[in-house]
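Single-structure report; data block below.
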Amino acid sequence: MTVCRRKKSLWKEMESRAVPHCTKENPLQRLSQFLPKFLFRWICGFAQNHHAPGHQGKGSDDHNHDQYHPTENPDYLFYLKISRSNANFAFKFFCQIVSEAGDENVFFSPLSISTAFAFLSLGAKSATLSQLLSGLGFNKTEISEQEIHDGFRYLLQMLNRPKAELELNTGNALFTHDQVELLEKFVKDAKHCYQAEIFPANFKNPSEVEKQINSYIKNKTHIKDAIKGLSLETAMVLVNCIFLKTYWEKPFNSQATREADFFVDKKTTVKVPMMRKTSYFKTYRDADLSCEVVELPYKGGASALFILPDQGKLKHVEQALGEDRLFKWLNSLRGRRVELFLPRFSISGSYDIKNTLQKMGITDVFDDRADLSGMTGKPNLKVSKAIHKTYLNVHENDTEAAVATLLEMIQTSRPIVIRFNRPFLQVITFDNDVLFLGEVQDPTKN
Numbered sequence: 006m007t008v009c010r011r012k013k014s015l016w017k018e019m020e021s022r023a024v025p026h027c028t029k030e031n032p033l034q035r036l037s038q039f040l041p042k043f044l045f046r047w048i049c050g051f052a053q054n055h056h057a058p059g060h061q062g063k064g065s066d067d068h069n070h071d072q073y074h075p076t077e078n079p080d081y082l083f084y085l086k087i088s089r090s091n092a093n094f095a096f097k098f099f100c101q102i103v104s105e106a107g108d109e110n111v112f113f114s115p116l117s118i119s120t121a122f123a124f125l126s127l128g129a130k131s132a133t134l135s136q137l138l139s140g141l142g143f144n145k146t147e148i149s150e151q152e153i154h155d156g157f158r159y160l161l162q163m164l165n166r167p168k169a170e171l172e173l174n175t176g177n178a179l180f181t182h183d184q185v186e187l188l189e190k191f192v193k194d195a196k197h198c199y200q201a202e203i204f205p206a207n208f209k210n211p212s213e214v215e216k217q218i219n220s221y222i223k224n225k226t227h228i229k230d231a232i233k234g235l236s237l238e239t240a241m242v243l244v245n246c247i248f249l250k251t252y253w254e255k256p257f258n259s260q261a262t263r264e265a266d267f268f269v270d271k272k273t274t275v276k277v278p279m280m281r282k283t284s285y286f287k288t289y290r291d292a293d294l295s296c297e298v299v300e301l302p303y304k305g306g307a308s309a310l311f312i313l314p315d316q317g318k319l320k321h322v323e324q325a326l327g328e329d330r331l332f333k334w335l336n337s338l339r340g341r342r343v344e345l346f347l348p349r350f351s352i353s354g355s356y357d358i359k360n361t362l363q364k365m366g367i368t369d370v371f372d373d374r375a376d377l378s379g380m381t382g383k384p385n386l387k388v389s390k391a392i393h394k395t396y397l398n399v400h401e402n403d404t405e406a407a408v409a410t411l412l413e414m415i416q417t418s419r420p421i422v423i424r425f426n427r428p429f430l431q432v433i434t435f436d437n438d439v440l441f442l443g444e445v446q447d448p449t450k451n
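The sequence shown begins at 6 in our numbering and counts up one residue at a time.
Rendered as structure tokens:
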């Protein structure tokens with residue numbers, strides 16, 4: 006996310022403003038007070054996913070839910086509130102972006118976008134703040150600004166907690182012009198609520214700043230050259246990163262992978278490496294939407310939901326996606342013996358999501374009406390760009406495949422066959438949080 010100056014005046018020492026702090030005395034009695042904002046270029050949501058991580062939800066195995074959510078922590082209640090809003094935002098954003106994508110693959114991290122703009126709202130005021138929170142799906146009559154930020158604080162602590170057999174990391178960073186001075190209160194809140202790192206940068210030398218930012222992103226996500234083309238007008242860059250690496254609980258055997266047809270549309274067929282596995286998977290047939298839902302769990306508590314619409318029903322499923330539909334699927338999943346065919350594929354996404362968010366009602370922050378004075382004490386910042394980059398790699402992950410295959414092939418009941426040989430959707434989650442969301446129109450397009 007790139008923040009630019011709206012005026013030519015130099016940034017000087019700013020007056021302290023009463024920006025609310027996430028430190029809490031009694032979290033259940035706090036009043037909401039978060040009202041700042043700022044202008045910058047946004048590099049939001051660099052996500053790299055190896056071996057397709059997934060979802061742990063109501064229809065999944067517990068995955069030691071209690072170790073992540075000690076009920077004595079009052080911030081857990083705020084986390085539950087923001088999780089529902091985050092899910093609603095995820096599917097609303099999905100519907101908007103697929104309508105713009107045409108026949109292209111779509112893959113993005115809604116959680117990365119939500120986190121980045123919630124972080125930004127720490128510095129937002131007046132209409133800018135209201136638009137940000139409303140656009141992210143928060144109703145201020147149901148949850149206060151204080152609770153929103155504390156909910157994200159809990160969420161980030163939970164995601165960054167070390168986990169066995171799962172690498173899941175997030176990062177928030179703010180690179181600021183060396184002539185920009187952030188309010189002390191904003192810095193404290195950013196570090197406390199969003200685990201943010203603040204880095205001074207010499208934006209008079211954009212190429213050096215690009216190297217500095219790209220080095221940070223590469224260290225967090227292994228994505229290279231994420232940002233380029235910084236301008237001399239850039240005052241700040243906000244970076245949000247999510248990196249997820251995990252392994253199938255039931256790996257595919259690469260020796261079973263064969264070339265097969267994938268029917269992109271009625272006129273287009275492509276050849277893809279089609280993975281194959283016969284095992285017990287949790288599935289659900291949604292008769293209302295005419296689609297099959299298959300859950301593939303991953304080690305460490307993540308899972309992937311693959312949704313296969315019947316021929317000609319893709320748009321119907323897209324339009325019906327939502328938080329309620331997702332949890333209906335999760336509650337309805339049942340173990341069945343399945344012969345599963347799934348393409349091996351890699352997809353990436355690079356989006357300037359400014360226009361998408363403007364269509365969703367977040368407008369002021371991108372123009373001269375922006376009030377991000379809670380960051381610096383002056384309302385002369387706006388968001389000039391909002392860049393979102395993601396990467397997903399789905400393959401067999403042979404580790405222990407031979408043993409697993411032998412154990413599963415002794416079953417004698419005839420499995421049902423589910424072939425992902427036409428456009429499908431994917432939801433990758435951890436616990437109740439949608440980390441990644443995508444639609445694969447053509448697996449051969451990276």
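For glycine and all other residues, C-beta sits at the position ideal for the given N, C-alpha and C. From a predicted model like this one, the values you see are computed outputs, not experimental measurements.
With a CB to CB cut of under 6 angstroms and the five nearest residues on each side skipped, what residues in its chain are close to residue i?
i                : result
leucine 294      : Val322, Ala325
proline 384      : Asp376, Ser378
phenylalanine 98 : Pro115
aspartate 67     : The predicted position of aspartate 67 is uncertain, since its pLDDT is 43 and thus under 50; no value can be drawn from it.
glycine 443      : Val111, Phe112, Gln431
lysine 282       : Phe257, Leu345
leucine 160      : Tyr84
glutamate 172    : Lys250
alanine 261      : Arg281
Measure from the alpha carbon of residue i to the alpha carbon of each residue in the options, then state which is nearest.
i                 : options                        : result
tyrosine 199      : Thr262, Ser117, Ile433, Thr239 : Ser117
asparagine 210    : Tyr221, Ala240, Glu105         : Ala240
valine 269        : Val432, Gln431, Ile102, Asp108 : Asp108
isoleucine 361    : His393, Asp291, Gly379         : The amino acid at residue 361 is misidentified as isoleucine; the sequence shows threonine. The candidate whose alpha carbon is nearest that of threonine 361 is His393.
arginine 339      : Ala92, Tyr289, Ile367, Arg166  : Tyr289
aspartate 357     : Thr395, Arg374, Asn402, Asp369 : Thr395
phenylalanine 311 : Pro348, Ser119, Asp329, Thr283 : Pro348
glycine 305       : Gly443, Phe435, Glu213, Asp230 : Phe435
glycine 2         : Val192, Lys223, Ile232, Ser284 : Residue 2 falls outside the range modelled here, since the chain spans only 6 to 451, and no answer is possible.
proline 214       : Thr226, Lys225, Ala231         : Here residue 214 turns out to be valine, not proline, going by the sequence shown. The shortest C-alpha separation from valine 214 is found at Ala231.
proline 79        : Arg419, Glu152, Asn110, Leu125 : Glu152
alanine 307       : Pro428, Ser236, Leu440, Val103 : Leu440
glycine 234       : Asn245, His154, Asn219         : Asn219
lysine 287        : Asp447, Ser104, Arg341, Phe371 : Arg341
phenylalanine 96  : Thr175, Val242, Ser119         : Ser119
leucine 301       : Arg330, Arg263, Lys255, Met279 : Lys255
valine 445        : Val103, Phe94, Leu82           : Val103
Can you look up residue i in the DSSP assignment and give me helix, strand or coil?
i                 : result
glycine 140       : helix
leucine 235       : coil
isoleucine 203    : strand
lysine 383        : coil
valine 111        : strand
glutamate 323     : helix
asparagine 177    : strand
lysine 229        : coil
threonine 283     : strand
aspartate 270     : coil
methionine 241    : strand
lysine 394        : strand
alanine 370       : One point to set straight first is that residue 370 is valine, not alanine, in the sequence displayed. It is helical.
phenylalanine 124 : helix
leucine 338       : coil
lysine 97         : helix
glutamine 316     : coil
arginine 263      : strand
lysine 250        : strand
phenylalanine 429 : strand
asparagine 451    : coil
leucine 44        : A caution first: leucine 44 carries a pLDDT of 36, below 50, which makes its placement in the model unreliable, though a value can still be read off. Coil at leucine 44, not helix or strand.
glutamate 213     : helix
So, is residue i buried or exposed, given that buried needs 16 or more other C-beta atoms within 10 angstroms?
i             : result
threonine 2   : Any answer about residue 2 is impossible in this case: the structure gives the chain only from 6 up to 451.
valine 422    : exposed
glycine 317   : exposed
aspartate 373 : exposed
alanine 458   : No statement about residue 458 is possible, as the shown extent of the chain runs from 6 to 451 and does not include it.
histidine 60  : Confidence at histidine 60 is low in this model, with a pLDDT of 38, below 50, so the placement of that residue should be treated as unreliable; the coordinate-derived value is given next. By the neighbour-count rule (16 or more Cβ atoms within 10 Å), histidine 60 is buried.
threonine 226 : buried
glutamate 147 : exposed
leucine 430   : buried
What distance in whole Å lies between the Cβ atoms of residue j and residue i, which are believed to be in contact at a cut-off of 8 angstroms?
i             : j             : result
leucine 345   : valine 299    : 7 angstroms
aspartate 438 : serine 88     : 6 angstroms
arginine 158  : histidine 197 : 7 angstroms
glutamate 202 : alanine 178   : 5 angstroms
leucine 134   : alanine 123   : Actually they do not touch by this definition, with Cβ atoms about 11 angstroms apart.
Got a sec? Which residues, its chain only, sit under 7 angstroms from residue i by beta carbon, not counting five neighbours each side?
i              : result
lysine 63      : Because the pLDDT of lysine 63 is 39, which lies under 50, any placement of that residue in the model is unreliable, and the number read from its coordinates should be weighed accordingly. Result list for lysine 63: Phe332, Leu335, Asn336, in chain order.
asparagine 426 : Ala265, Asp266, Phe267, Phe268, Phe346
aspartate 369  : Ala132, Thr133, Gln136, Ala375
Beta-carbon within less than 8 angstroms of residue i's beta-carbon, same chain only, minus the 5 sequence neighbours each way: which residues are those?
i                 : result
phenylalanine 204 : Ala178, Leu179, Phe180, Thr181, Gln217, Tyr221
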